[in-house]
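When you read off a place in the sequence shown, starting at 1, and then add 16, the result is the number in the working numbering. Take a look at the structure below.
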Amino acid sequence: MDFTSLLNSTGLVQGTGLKLVHPIARFLFFILLSWVAVCIFKYLLNRFVFKAESRHVRLVGIFVLIGLAVLGARLVLVEISSIFHFSVPLTLTRTIDSLIVIIFFAGLHNFIVEIINRLGERIRSPQFKEASFGVMRNMAEAIMWFLCLTVVLRIWGIEIGPLLTGLGIAGIALGLALQTTLGDLFSGVAIAFDKEFKLGDVIEVGDVFGVVKEISARSIKVKTYSNDIVVLTNSRLSSSNLINHTALKPRRITILLRLAYGSDVKKVKKICMQSIEKVARELKKEQGKEIILSNPKPSIYMTDLAEYSINFRVFVWFPSFSEMFDAEERLKIEIYNALNRNKIRFAQQNLILPAK
């Protein structure tokens, strides 16, 4: 005896009500399976994709469950119409189908927003994150809801071919007009993921050398040491060699000395090392911390026997770029004065004029 026969024997449900038992039972079973499937889907998203629970993931589950419920109701409506031999109005079915599409696209919208937000967590600059990923989120939403509108129009039998053709032509024209802007935006996203610099870093791009003061979706602003503000587009940054002088620590400077032939190599090295030690002691006394590092220790090498000079290179390490920038000139002056006091001559190129 099946479930319908059992109800019929009890007399609780008879006639028309009995015919509705199977569709309603299948609908309730469909809702139960949908709820289980959504729970499993949310668990997999949180466990393997997003690694954590979030509001957008919860909304994805809610919209998917509502969409499945409406889909189940539509199937039940079709089955009941066949049982009682009546036709469902076309307007009603199209309305339900449109509602299902909109609900599922709303779930997809929250899924895409969550992905973009998770990508944005990798960006260290709040200004850049808000600007660039705000643009990306808006573009993704516009494309998604345009697709949703397209599907809904097709459900209602509206021909979208001419509309797509017109939009395609307009899109090409708009794309050409915004080619540079879009290039800057996408270059900015690539730069953000590379994490090449942040606010306050000292960078060098071509002939531009200064401190990063502002980061936006299309460009950055660099304050040079001559107190100018230079705007660098992201396209230029991505196509140029960029040097970040503050990315790594400690920092090293190289001082090139071109000394005359006949200079005592050991004496030159000793004078340079004494000068470095003197400046190091003075800076430590003034600032209360080690400015010229003892580890890695300074070093002096004779590197070239040039045509007119013996070339030495002095290597000195500093904790960061800011200390290096302030102390470098002071160190060069001390070495220069010490060499002069000890009668160490700098090289000069001799110019021999032919006799007349």
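Using N, Cα and C, we set each Cβ at its ideal position, and we do this for glycine too.
Cross-strand partners of residue i (DSSP beta bridge)
i: F225; result: E220
i: K374; result: In the structure as shown, the chain starts at 17 and stops at 372, and residue 374 therefore has no counterpart that could be examined.
i: F43; result: DSSP, once it has assigned bridges, lists no residue as partnering F43.
i: F127; result: Bridge partners of F127: none, in fact.
i: F362; result: L275
Boundaries of the beta strand (DSSP E) in which residue i is found, first to last residue
i: D320; result: S315 to L321
i: V332; result: I326 to F334
Span of the alpha helix (DSSP H), counted from its first residue to its last, around residue i
i: I351; result: F337 to R357
i: I96; result: R71 to I99
i: K300; result: V281 to Q303
Secondary structure of residue i, DSSP reduced to three states
i: L106; result: helix
i: L192; result: Because the pLDDT of L192 is 49, which lies under 50, any placement of that residue in the model is unreliable, and the number read from its coordinates should be weighed accordingly. The answer is helix: DSSP assigns L192 an H, G or I state.
i: F121; result: helix
i: F213; result: coil
i: L309; result: coil
i: W172; result: coil
Neighbour-count burial assignment, residue i, 16 or more Cβ in a 10 Å radius
i: I219; result: buried
i: V221; result: buried
i: C55; result: exposed
i: F100; result: exposed
i: L194; result: For L194, the predicted model reports a pLDDT of 48, less than 50, meaning its position is unreliable and no value from the coordinates is stated.
i: N356; result: exposed
i: I360; result: buried
i: L192; result: Bear in mind that a pLDDT of 49 at L192, under 50, signals an unreliable position, so the number given afterwards is only what the model happens to contain. It counts as exposed.
i: M155; result: exposed
i: R234; result: buried
i: V281; result: exposed
i: P105; result: exposed
i: P312; result: exposed
i: G4; result: Outside the displayed range of the chain (17 to 372) lies residue 4, so it cannot be described from this structure.
i: S291; result: buried
i: A276; result: exposed
i: V94; result: exposed
i: S256; result: exposed
i: F102; result: exposed
i: E293; result: exposed
i: F162; result: exposed
Closer than 7 angstroms: residue i CB and nearest the ligand ATP heavy atom
i: Q364; result: By its list of ligands, the structure shown contains no ligand whatsoever, and the ligand ATP lies outside what it can speak to.
**OP:** Run through the region 240-275 for me and flag every whole alpha helix (DSSP H) of 4 or more residues, listed as ranges in chain order.
**Re:** The region 240-275 contains these whole alpha helix (DSSP H) runs: 250-255.
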